[in-house]
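Down below is the structure, laid out as structure tokens.
Numbering (our numbering), first residue to last: 5 to 158.
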């Protein structure tokens, strides 16, 4: 395979679209996953300032939207018309994708809020997730996600 031999996963066609844009447009979950594993940029802007997430949202492909979000796609990026992928999904009536992006944005907001509160808790004698949740006034699930993310990053 070309990617294994060092092909650029972010190469663009004459219209400025990457392979990731094209795979999202064609609904190729397997190709999207492979490209992301080879570090394709999930936030690359193609024609009209669209990202692969805009493309997947337009077609209502929830599996591709999930993958792109997992690999760091930013759902707040606006295309040249000023629309985010969420706006595009709403306009196209892609309810599953709308719910998915809204849930992701809510979880990110919860994680950001918890992360802001955690430094104030540095004085705790031991860092116990249940105590952190109680002191930070956030749900145990949010704290568990923060601890998991911290553990993964070392």
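We put the CB at the ideal spot given by N, CA and C, even for glycine. Everything numeric in this text was worked out from a predicted model, so none of it was measured.
- prompt: So, using beta-carbon positions, are residue 96 and residue 64 closer together than 8 Å?
  reply: By 1-based counting over the chain shown, the position of residue 96 is 92. By 1-based counting over the chain shown, the position of residue 64 is 60. Contact: yes.
task: Please work out which residues of its chain come closer than 7 Å, Cβ to Cβ, to residue 104, disregarding the five sequence neighbours upstream and downstream, and give them in chain order.
output: As a position in the chain shown, residue 104 is number 100, starting the count at 1. Once the five neighbours on either side are set aside, the close Cβ partners of residue 104 are 66, 69 and 70.
- prompt: For residue 19, which option in 45, 77 and 52 has the closest C-alpha, if you only look at C-alpha atoms?
  reply: As a first step, residue 19 is located in the chain shown; it is residue number 15 there, counting from the start. Closest option to residue 19, Cα to Cα, is 52.
task: Following the continuous alpha helix (DSSP H) through residue 95, name the residue where it begins and the one where it ends.
output: Walking along the chain shown from the start, residue 95 turns up at place 91. From DSSP, the alpha helix (DSSP H) with residue 95 extends over 89-96.
query: By DSSP, does residue 70 sit in helix, in strand, or in coil?
result: Reading the chain shown from its first residue, position 66 is the one you call residue 70. Note: residue 70 maps to helix in three-state DSSP.
- request: Could you name the residues of the same chain whose beta carbon sits closer than 7 Å to that of residue 13, not counting the 5 residues immediately before and after it, in chain order?
  value: Your numbering for residue 13 matches position 9 in the chain shown. Hits under 7 Å: 7, 23, 39, 42, 43 and 44.
7 Å Cβ shell around residue 80 - same chain, five flanking residues per side excluded: Numbered from its first residue, the chain shown carries residue 80 at position 76. The answer, listed in chain order, is 88.
task: Report the partner residues of residue 16 according to the DSSP bridge assignment.
output: As a working note, residue 16 is residue 12 in the chain shown. 22.
query: Buried or exposed: where does residue 25 fall if 16 or more other Cβ atoms within 10 Å of its Cβ makes it buried?
result: By one-based count along the chain shown, residue 25 stands at place 21. Buried, since its Cβ has 16 or more Cβ neighbours within 10 Å.
field: Simplified DSSP assignment, three categories, for residue 84
entry: Counting from one through the chain shown, the residue named residue 84 turns up at place 80. If DSSP states are grouped into helix, strand and coil, residue 84 belongs with coil.
query: With 16 other CB atoms within 10 Å as the buried threshold, where does residue 55 fall?
result: Within the chain shown, residue 55 is the residue found at index 51, counting from 1. Burial call: buried.
- prompt: Just how far apart, CA to CA, sit residue 152 and residue 34?
  reply: Locating residue 152 in the chain shown gives position 148, where the first residue counts as 1. Locating residue 34 in the chain shown gives position 30, where the first residue counts as 1. Answer to the nearest angstrom: the Cα atoms are 27 Å apart.
message: Restricting to Cα atoms, I'd like to know which of 31, 91 and 108 is closest to residue 75.
response: Your numbering for residue 75 matches position 71 in the chain shown. Ranking the options by Cα distance to residue 75, first place goes to 108.
field: Helix, strand or coil at residue 32 according to DSSP, with G and I counted as helix
entry: In the chain shown, the residue the question calls residue 32 occupies position 28. The answer is coil: DSSP assigns residue 32 none of H, G, I, E or B.
query: In whole angstroms, what is the alpha-carbon distance linking residue 58 and residue 156?
result: Position 54 of the chain shown holds residue 58. Position 152 of the chain shown holds residue 156. C-alpha separation (whole angstroms): 29 Å.
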